[in-house]
Amino acid sequence: MTVTTPAEDRPARAAKRRSRGPAPGRLRRRALPYLFLLPALILELLIHLIPILTGIAISFKQLTQFYIRDWGSAPWAGLGNYKVAVKFSEPIGQALLHSFWITCGFTVLTVGLSWLLGTAAAIMMQDNFRGRGLLRTFFLVPYALPVYAAVITWSFMFQRDNGLINHLLHQMHLTNGQSFWLIGSNSFPALVTVSVWRTWPFAFLCLTAGLQNIPGELYEAAALDGAGIWQQVRRITLPSLRPVNQVLVLVLFLWTFNDFNTPYVLFGKSAPPAADLISIHIYQSSFITWNFGSGSAMSVLMLLFLMLVTGVYLLATRRKDADV
Numbered sequence: 001m002t003v004t005t006p007a008e009d010r011p012a013r014a015a016k017r018r019s020r021g022p023a024p025g026r027l028r029r030r031a032l033p034y035l036f037l038l039p040a041l042i043l044e045l046l047i048h049l050i051p052i053l054t055g056i057a058i059s060f061k062q063l064t065q066f067y068i069r070d071w072g073s074a075p076w077a078g079l080g081n082y083k084v085a086v087k088f089s090e091p092i093g094q095a096l097l098h099s100f101w102i103t104c105g106f107t108v109l110t111v112g113l114s115w116l117l118g119t120a121a122a123i124m125m126q127d128n129f130r131g132r133g134l135l136r137t138f139f140l141v142p143y144a145l146p147v148y149a150a151v152i153t154w155s156f157m158f159q160r161d162n163g164l165i166n167h168l169l170h171q172m173h174l175t176n177g178q179s180f181w182l183i184g185s186n187s188f189p190a191l192v193t194v195s196v197w198r199t200w201p202f203a204f205l206c207l208t209a210g211l212q213n214i215p216g217e218l219y220e221a222a223a224l225d226g227a228g229i230w231q232q233v234r235r236i237t238l239p240s241l242r243p244v245n246q247v248l249v250l251v252l253f254l255w256t257f258n259d260f261n262t263p264y265v266l267f268g269k270s271a272p273p274a275a276d277l278i279s280i281h282i283y284q285s286s287f288i289t290w291n292f293g294s295g296s297a298m299s300v301l302m303l304l305f306l307m308l309v310t311g312v313y314l315l316a317t318r319r320k321d322a323d324v
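Quick look at the structure:
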């Protein structure tokens, strides 16, 4: 009779357990993270993926107010809606191109000014002084306010006859009369002002968090070597904040280019031509003229543009990091 030792019997027992499959407790432990992710995945599917796929499907149909009750009966348009949108020699294409350039200028100014103000404020708030916490809280108020409350307040301030903006400009003798800010060419600087006021606190918050990771010894050593404040910012602060700035600029770009709430609350359903952002333009094409097929095609084109810009930006930043 052959007697097996515990060491010799261990592989046989392991093989027997593998043949039976994993234990129920181990299965539960493996499945638990996926169960926690399941509600978020379901919400992501319902809130984002299904509407995106629905919008793409509508862009290939001639869906107008005549087929609003039965979307499936709308005639198939193929790429017709896209051809009309990008035919810049026609009125629809010209209007979309004009709105695109207005949105690009608005995005560049808003992102640039927000980043500049946020950087300056974050650097100034690094030094310890009395009232720093209160001042930081005050800086974050525009970001914490609900968008509708904040923008409606600005719309009252931009009123021609009794608005605060015209009153202050007149008191400082910067204007001779009452200016229109919500119509005409002045609507664009008014829109940029409101957007920067709402956006720059987010840049300030992100950059303040990034500055906490820079060792203070670097600034002390630079000061001993005779480096001034501008040299310290250029040689230490900005290079150290590069990872934060890469993400921050991309997020600000996507938020600003897609911004719908600010112009809608400020100007209403019909924005002036000088402030006709592409988000408002698509809304008008879809819900004012009731041409959902054309509006969906414009939305898909905007999505493709944002994906292209994001991909190019990520590749450029990765190559720059690799070179560094």
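Residue numbers for the sequence shown follow UniProt numbering, beginning at 1 and rising by one. Idealized CB from N, CA, C, for every residue including glycine. Computed from a predicted model, the values in this text were never measured in an experiment.
Quick one: measure Cβ to Cβ for residue i and residue j, integer angstroms, because I've assumed they're closer than 8 angstroms.
| i | j | result |
| --- | --- | --- |
| V244 | L113 | Not a contact, Cβ separation roughly 18 angstroms. |
| R198 | Y143 | 7 angstroms |
| A275 | F287 | A275 to F287, Cβ: 18 angstroms. No contact. |
| W181 | F204 | No, W181 and F204 are not in contact; Cβ-Cβ is about 26 angstroms, not under 8 angstroms. |
| L96 | H281 | 7 angstroms |
| L304 | L254 | At roughly 14 angstroms, the Cβ-Cβ gap does not stay under 8 angstroms, so L304 and L254 are not in contact. |
| S296 | G55 | 5 angstroms |
For residue i, does the count of other Cβ atoms within 10 angstroms reach 16, so buried, or fall short, so exposed?
| i | result |
| --- | --- |
| V141 | exposed |
| M1 | Caution applies to M1, whose pLDDT of 46 falls short of 50 and renders its modelled position unreliable; the model cannot decide the point. |
| T107 | buried |
| V247 | exposed |
| C206 | buried |
| T175 | exposed |
| K269 | exposed |
| D259 | buried |
| K61 | buried |
If you reduce the DSSP assignment to three classes, tell me which class residue i lands in.
| i | result |
| --- | --- |
| T175 | coil |
| N245 | helix |
| residue 339 | A query on residue 339 cannot be resolved here, the shown segment of the chain reaching from 1 to 324 and no further. |
| D127 | coil |
| K87 | coil |
| T2 | Caution applies to T2, whose pLDDT of 49 falls short of 50 and renders its modelled position unreliable; the value that the coordinates give is listed next. T2 falls in the coil class under three-state DSSP. |
Got a sec? Which residues, its chain only, sit under 7 angstroms from residue i by beta carbon, not counting five neighbours each side?
| i | result |
| --- | --- |
| R136 | M125 |
| L41 | none |
| W76 | F60 and K61 |
Note down, in chain order, each residue of its chain lying with its Cβ closer than 8 angstroms to the Cβ of residue i, except the 5 sequence neighbours on either side.
| i | result |
| --- | --- |
| W290 | T64, Q65 and I68 |
| L252 | T110, V111, S114, W115, T199, F202 and A203 |
Excluding sequence positions up to five away, which residues of its chain have a Cβ less than 6 angstroms from the Cβ of residue i?
| i | result |
| --- | --- |
| P272 | I183 and S187 |
| G118 | W200, A203, F204 and L207 |
* To do: Counting only runs of 4+ residues fully inside the segment 178–240, write out the alpha helix (DSSP H) ranges in chain order.
  => 187–211, 216–224 and 229–232
* Within the segment 270–320, note down every full alpha helix (DSSP H) run reaching 4 residues or more, in order along the chain. => 278–283
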